[in-house]
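Trainee:
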Amino acid sequence: METIRFGQAIGKALGDAMRADPRVFLLGEDIGAAGGPFGVTRGLHKEFGAARVRDFPISEAALVGTALGAALCGWKPVAEIMFMDFCTLAMDNLVNQAAKAHFMFGGQSAVPLVVRTPHGGGLNAGAQHSQCLEAWFAHVPGLTVLCPATPADAYGLLRSAIASPNPVVFVENKSLYARKGGIEADPQPIPIGEARLVREGTDVTVVTYGASVYAAEAAVRKAAEEGIDLEIVDLRSLQPWDEKTVLASLAKTHRLVIFHEAVEAFGIGAEIAARMADVGFDELDAPIVRVGAPFMPVPYSPALEREYLPNEDKLMAAVRRVLL
Amino acid sequence: METIRFGQAIGKALGDAMRADPRVFLLGEDIGAAGGPFGVTRGLHKEFGAARVRDFPISEAALVGTALGAALCGWKPVAEIMFMDFCTLAMDNLVNQAAKAHFMFGGQSAVPLVVRTPHGGGLNAGAQHSQCLEAWFAHVPGLTVLCPATPADAYGLLRSAIASPNPVVFVENKSLYARKGGIEADPQPIPIGEARLVREGTDVTVVTYGASVYAAEAAVRKAAEEGIDLEIVDLRSLQPWDEKTVLASLAKTHRLVIFHEAVEAFGIGAEIAARMADVGFDELDAPIVRVGAPFMPVPYSPALEREYLPNEDKLMAAVRRVLL
Amino acid sequence: MAKNPAPGAAQDSALLLNCYREMLRIRKSEQRLSKLFADSEIPGFIHLSIGQESVPVGISAHLKRDDTVAVTHRGHGQALAKGVPLAGFFAEMMGRDTGICRGRGGSMHIADAGVGMLGANGIVGGGIAIAVGSALAHQLAGAGNLAVCYFGDGALAEGVFHECINLAALWSLPVLFACENNGWGEFSRTDTQFCGSLEKLGAAFGIGYRCADGLDVLAVHATAADLVAGIRATSRPMILECKVERFHGHYEGDPQKYRDPEELKALEAKDPLAKAHAKLLALGLEATLLEALAAEIDDEIEAAVAAARAAEVPQFAAAKADVYAS
Amino acid sequence: MAKNPAPGAAQDSALLLNCYREMLRIRKSEQRLSKLFADSEIPGFIHLSIGQESVPVGISAHLKRDDTVAVTHRGHGQALAKGVPLAGFFAEMMGRDTGICRGRGGSMHIADAGVGMLGANGIVGGGIAIAVGSALAHQLAGAGNLAVCYFGDGALAEGVFHECINLAALWSLPVLFACENNGWGEFSRTDTQFCGSLEKLGAAFGIGYRCADGLDVLAVHATAADLVAGIRATSRPMILECKVERFHGHYEGDPQKYRDPEELKALEAKDPLAKAHAKLLALGLEATLLEALAAEIDDEIEAAVAAARAAEVPQFAAAKADVYAS
Ligand SMILES: Cc1ncc(C[n+]2csc(CCOP(=O)(O)OP(=O)(O)O)c2C)c(N)n1
Ligand SMILES: Cc1ncc(C[n+]2csc(CCOP(=O)(O)OP(=O)(O)O)c2C)c(N)n1
Ligand SMILES: [Mg+2]
Ligand SMILES: [Mg+2]
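Residue numbers (the numbering used here), protein chains in the order written: chain G, 53 to 376; chain W, 53 to 376; chain D, 47 to 372; chain Z, 47 to 372.
Encoded structure:
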């Protein structure tokens, strides 16, 4: 077990995938010699050259569209959209083209396309560089949506994403890039669609993903001080998501809190809650409570963004509510 | 009380708003002399001329962006995106620009912008001309999302949308354009955020919107045959939505089915269900069941699309489930 | 074949005959679609390319099977010319499980990976980046293939087209940008929607441009020959603009009230198929031979229609289970 | 003012002095921002326009208060030149409730409706359509106003730019497309990202184009004078491309390892402010006068900073309650 940063784990997954399969190549703005705005692709340009690590013009629609065209021809492009907010410029290619090609063409085509993109706030980067838009993509049949929390998961899920014959939106919380974690010497792909049980507990199930996993972990001690034993489920995979694991946890604790950084209304948590209010209804001993960002654009001022972001205190307030 | 078609009611609202306020003008592809692909703007070009009913090039990003620029200068543009699927090309302007301008600029700016767009299937128009993407917009702070079912609501809500100082996504189910309904001689704006109680009932609350309202109404008789008395709530306004009315209905029936044409997973119904599983938890006597489209692109073949679309039979199956 | 072949004309005549056959196959297929649509045997929207057949026929003559094309909403001719089989084509339009896309796609979403046809598109300009991406794949593979990106004049106003010509020029991608300029985008004349010159746009990016009379299949054929050879030799993108006429409405059933009846009437004299037919006769071909050819095509089409009619409609469960590849 | 005014030079000198003052105000403001950022008094990302001041100063000299501008992520100079007040500007950057956007926007989202500044943008090319839309508003209003749309060379690769030049040309909208071409988009040279010629692009749409030395404020001023007058007279869009240099990194704190140190060093000799300063002296202005002017600006800036420091941070509840206008 070595220690590696989250961003490095992604770079390693890209490099390993490229070494393993000559059809894998990268496209993105400033990902080449510059190594990407967050340093994730550092070193890859040097090792694989400009043909496989391609600096792209500032043309997000063409970026995803060309990647798709190459994918339809059997290549395995990994495109980077520099901030998730800029996916707005590539929605046609992601949603109308990539997501539907396999189905719409009668199963003829595989679409081995990955779009990596960072989401999340905390950097005072303002309303157009901080959004968490994963719920949009989870609503689109044909797309796979992943959002790892640990370096090991980032590595293993990205390898699975690149190996997948389906278009994957791979979401990286940018506040995690520098975070360290353990990784096996010979790390393996992690199956898409399986949640990770972060911590077993008996009183309340907390379903979360991405950077919020760490805030949930931080709440464990606080909860323990109040005599509350939290179980934490990290979804990792948002579309498909692991209903079985969530349901099993709920069947144990009978209390559910869903916790994420994205705007709460119409966010990922809504679907989890809705499913559990259906298939998990008989297990519920309390209201399902969600904790997400309030319904407002991400504000710039540190004074505002601090209060905007979900944190362990807000999570604890929800935990207390479901125990009332 | 006169009778009017849904599409005509929209045209009337546009015309009345333009007569009432010289700052209102229209932009869209083929909306001028041609009257729009669904005939909604028929006659307006003749009455108001090419300066106020503007045929736009096939440039959806520029369409919403220029409308926004004009709105920021105090004009009241109503832009038409020919099919909701094409909103994918205008997401930056809708989500990063229009939705955030008021907040992000410290409340300086009003954004009196309306984007009208038709959603929905049933025309065998295939995967790129049938989508219901309203959940995306409902997830975006700053946007208002409306989706009327009746000609009267279409008129009244569109007048409110045009009068609103906030950007509104006004969604029209294209299968409704030819549908007739009553309208007052001097119809008034309908407040945003208020649901319509379509039918009072005692046994199960059906929350729905748009064209699905009619399928819900069609289920009333079937339900009655089985001795089930349905209460039907038409949301009309999806962001904000009328939590109070839904909760009040739930408090009466204690059983909730949510019914819409959009893909069920991560759709509008998820948020309604999630809120009711929270604030309405104590009222629930049964699981909350959603009925939406299955998780697949809208298929072309009539044989497939017929089974794809939600209908009263699927609704009835859900109604029976919550009464088990 | 020909009665009194003038010296050198034999080759011309053989070429034209080949093109004519392809064009006629497209024309007759679309006329059959028109009838099927009128008879409610085809649902949804269909956009016929009647009058525009010369373009894909003139271009596809120079394409290999592994060359790729992305086609438009008005792409039946573009698809058939690239080799999409008639049986799967008709079955798709008629919503059958034997359709090339198993009835899930329809007119705007025909695709045939087997012949490099990457897909038609319901989004104006939606195929452009896909075609360019396939050109990138060709460049990476290094086997000398190229991509053809079909688009209408209306798509010139979409931003992604401009992103793509920059990219193709910047990366020297082997792609032919083929514009079927019929002067219309739906119900609007394109000159009321786009005021740029495609030739000058190409020049702004150093992309070679040629214009051809899209009503004359030999003109398209000859120009495309130059461009395709140039692209294969240099791996530089090129633009081909073909002026064509849209003989039918925007979509089948479009009453075209917005068009000048005189203009519509004048179209008759411009029919590229009639022109090719007349020229073949002038070159000395027997009318009976052309009639036999037409009959052969009719038979092929009727067989396709009959097979489609007899075919099963798709099963919902199978479709639902195939949203993701495995 | 001047020591020995040469005949006719008085006017030149007054103009240059005015421009110099504006440029210095921007330069010093950004230098102050740089310091505040280094001292963690400003969070987030900031992109300084040091070296590019001539462009907005040369353009804004011809603008009326009701003319509109949309500015870029590197838009401090563009904003200040249009009249955004220093106090609100600094308070915004420092995240205070007295900020021009109440601390909600920050560097990339400065806006001031009161002076026609429609907003900076965090999206490359994001302001282009907004500016064009304001030009449409001007056309509808008929009061003779115009819009200026600032963008960087990197934005040339975004599709929406191309949609907008078509629209502006098609509808004859009164808009100046002002490109601050600093040769870079983040860490990449623009010539590795975009291979079109802006001049030829303009020509493809019939849009007039002029290029000016963006390091020479009088050159920008003179060219902008022509273009702005032309737009007001004809209501036709125009393009102004200004070649500038990016003196700082892409963002504050960018170590610029990707740039040739020689090239960076060579910048010193190109400083437009130093040039203007030298010219003013050559025109006979007293150095002491320029020093006094600098001191005055310093005072203004320090007052703004001090006021911002003393100001309250925004209240969350108030912000949350103001997502929608009422
Ligand atoms: C993005 C998008 N916008 C609008 C439409 C509606 N639409 C379908 S075809 C068409 C006109 C296209 O004109 P052109 O590209 O010239 O093709 P043509 O129909 O003339 O062959 C339009 C506006 C669409 N399908 N996609
Ligand atoms: C749509 C979008 N893509 C990418 C970015 C990231 N980004 C910010 S500035 C920039 C470079 C812009 O270059 P240019 O337009 O020349 O402006 P400059 O920074 O040189 O002033 C990029 C790629 C962005 N903000 N928006
Ligand atoms: Mg056309
Ligand atoms: Mg630049």
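Just so you know, even glycine gets a beta-carbon here, dropped at the ideal spot from N, CA and C.
Less than 7 Å between CB atoms is the rule here; does P51 (chain D) satisfy it with respect to chain G?
Mentor: Because the pLDDT at P51 (chain D) is just 49, under 50, the model does not fix this residue reliably, and the point stays unresolved.
Trainee: Quick check on DSSP: helix, strand or coil for Y196 (chain D)?
Mentor: It is a strand residue.
Trainee: I need the straight-line Cα distance from G151 (chain Z) to G168 (chain Z), nearest angstrom please.
Mentor: Rounded to the nearest angstrom, the two C-alpha atoms are 10 Å apart.
Trainee: Inspect the beta-carbon positions of A201 (chain W) and D294 (chain W) and report whether they are closer than 7 Å.
Mentor: No; because the gap between Cβ atoms is not below 7 Å, this pair is not in contact.
Trainee: Run the CB neighbour count on L132 (chain Z), radius 10 Å, all protein chains shown included, and call it buried at 16 or more, exposed below.
Mentor: Looking at its Cβ environment, which holds 16 or more other Cβ atoms inside 10 Å, L132 (chain Z) is buried.
Trainee: Under the DSSP definition of a beta bridge, which residues are partnered with I374 (chain Z)?
Mentor: Residue 374 (chain Z) lies beyond the residue range present for chain Z, which begins at 47 and ends at 372; the question has no answer from this structure.
Trainee: Sort Z:L310, Z:L261, Z:A127 and Z:S281 by Cα distance to R67 (chain Z) and report the nearest one.
Mentor: Of Z:L310, Z:L261, Z:A127 and Z:S281, the residue nearest in Cα terms is Z:A127.
Trainee: At a Cβ threshold of 7 Å, is F240 (chain D) touching chain Z?
Mentor: Yes - at least one Cβ of chain Z is within 7 Å of the one on F240 (chain D).
Trainee: Can you have a look at P307 (chain Z) and say buried or exposed, based on whether 16 or more other CB atoms are within 10 angstroms of its CB?
Mentor: P307 (chain Z) should be labelled exposed.
Trainee: My guess is that L282 (chain G) and D255 (chain G) are in contact by the Cβ rule of under 8 Å, so how many angstroms apart are they, rounded?
Mentor: Sure, about 7 Å apart at Cβ, within 8 Å.
Trainee: May I ask you to verify whether the stretch 156-174 of chain G touches the stretch 125-141 of chain G, counting CB pairs closer than 8 Å and requiring at least 3?
Mentor: The stretch 156-174 of chain G, when compared against the stretch 125-141 of chain G, does touch it at the 8 Å Cβ threshold.
Trainee: By a C-beta neighbour count over all protein chains shown, 10 Å radius and 16 as the cutoff for buried, is S234 (chain D) buried or exposed?
Mentor: Under this definition S234 (chain D) is a buried residue.
Trainee: Use the C-beta contact count for E357 (chain G): other C-beta atoms within 10 angstroms, 16 or more gives buried, fewer gives exposed.
Mentor: Flag for E357 (chain G) reads buried.
Trainee: For the stretch 126-137 of chain G, list every residue whose C-beta sits within 7 Å of some C-beta in chain W, in sequence order.
Mentor: Within the stretch 126-137 of chain G, the residues whose Cβ lies closer than 7 Å to some Cβ of chain W are D137, listed in chain order.
Trainee: Establish whether the CB of A203 (chain Z) and some CB of chain D are separated by less than 7 Å.
Mentor: Output row for A203 (chain Z): interface = yes.
Trainee: Would you say G279 (chain W) touches ligand 3, meaning its beta carbon is less than 6 Å from a heavy atom?
Mentor: No - ligand 3 has no heavy atom lying nearer than 6 Å to the Cβ of G279 (chain W).
Trainee: List, in order along the chain, the chain D residues whose C-beta lies closer than 8 Å to that of L120 (chain G)?
Mentor: The contacting residues are A175, I176 and G179.
Trainee: Should A201 (chain D) be listed as close to ligand 1, given that the test is whether its C-beta is under 6 Å from any heavy atom?
Mentor: Under cutoff, so the answer is yes.
Trainee: Do E81 (chain G) and ligand 2 come close, with the Cβ less than 6 Å from some heavy atom?
Mentor: Yes.
Trainee: Starting from the beta carbon of F362 (chain D), find every residue of chain W whose beta carbon is closer than 7 Å, and list them in chain order.
Mentor: Here the neighbours are L356 and E359.
Trainee: Cβ of M134 (chain G) within 6 Å of any heavy atom in ligand 2?
Mentor: Yes - ligand 2 has a heavy atom lying nearer than 6 Å to the Cβ of M134 (chain G).
Trainee: Classify I105 (chain D) as helix, strand or coil using the three-state DSSP reduction.
Mentor: Three-state DSSP puts I105 (chain D) in a helix.
Trainee: Can the beta-carbon of F251 (chain D) be found less than 7 Å from the beta-carbon of C241 (chain Z)?
Mentor: The answer is yes: Cβ separation under 7 Å.
Trainee: Quick one: does A367 (chain Z) have its CB under 7 Å from some CB of chain W?
Mentor: Taking Cβ atoms only, chain W never reaches closer than 7 Å to A367 (chain Z), which makes this a no.
Trainee: Check whether the Cβ of I96 (chain D) lies closer than 6 Å to any heavy atom of ligand 1, and answer yes or no.
Mentor: No, the beta carbon of I96 (chain D) sits no closer than 6 Å to any heavy atom of ligand 1.
Trainee: Could you pull the start and end residues of the alpha helix (DSSP H) that A166 (chain D) belongs to?
Mentor: Per DSSP, A166 (chain D) belongs to no alpha helix (DSSP H) and is neither H nor E.
Trainee: Around the Cβ of R111 (chain D), are there at least 16 other Cβ atoms within 10 angstroms (buried) or fewer (exposed)?
Mentor: Result: exposed.
Trainee: Note down, in chain order, each residue of its chain lying with its Cβ closer than 7 Å to the Cβ of G229 (chain D), except the 5 sequence neighbours on either side.
Mentor: Here the set comprises D199, R235 and T236.
Trainee: Is the beta carbon of A116 (chain D) closer than 7 Å to that of G173 (chain D)?
Mentor: A contact, by the Cβ cut-off of 7 Å.
Trainee: Are the C-beta of H191 (chain G) and some C-beta of chain D separated by less than 7 Å?
Mentor: Output row for H191 (chain G): interface = no.
Trainee: Roughly how many angstroms separate the alpha carbons of C65 (chain D) and F157 (chain G), rounded to a whole number?
Mentor: Computed Cα separation, rounded: 28 Å.
Trainee: For R111 (chain Z), which of helix, strand or coil comes out of DSSP?
Mentor: Looking at R111 (chain Z) - three-state DSSP - the assignment turns out to be coil, as it is neither helix nor strand.
Trainee: Taking the alpha-carbon positions, what's the V130 (chain D) to D158 (chain D) distance?
Mentor: Rounded to whole angstroms, V130 (chain D) to D158 (chain D) spans 6 Å at the Cα level.
Trainee: Strictly below 7 Å CB to CB, what residues from chain Z border F251 (chain D)?
Mentor: Neighbours of F251 (chain D) on chain Z, chain order: C241 and G242.
Trainee: So that I know if they touch, is there some Cβ in chain W lying closer than 7 Å to that of Q57 (chain D)?
Mentor: So, not an interface residue.
Trainee: Any contact between the stretch 147-163 of chain W and the stretch 187-206 of chain W? By contact I mean 3 or more CB pairs, one from each, below 8 Å.
Mentor: Verdict: yes, contact present.
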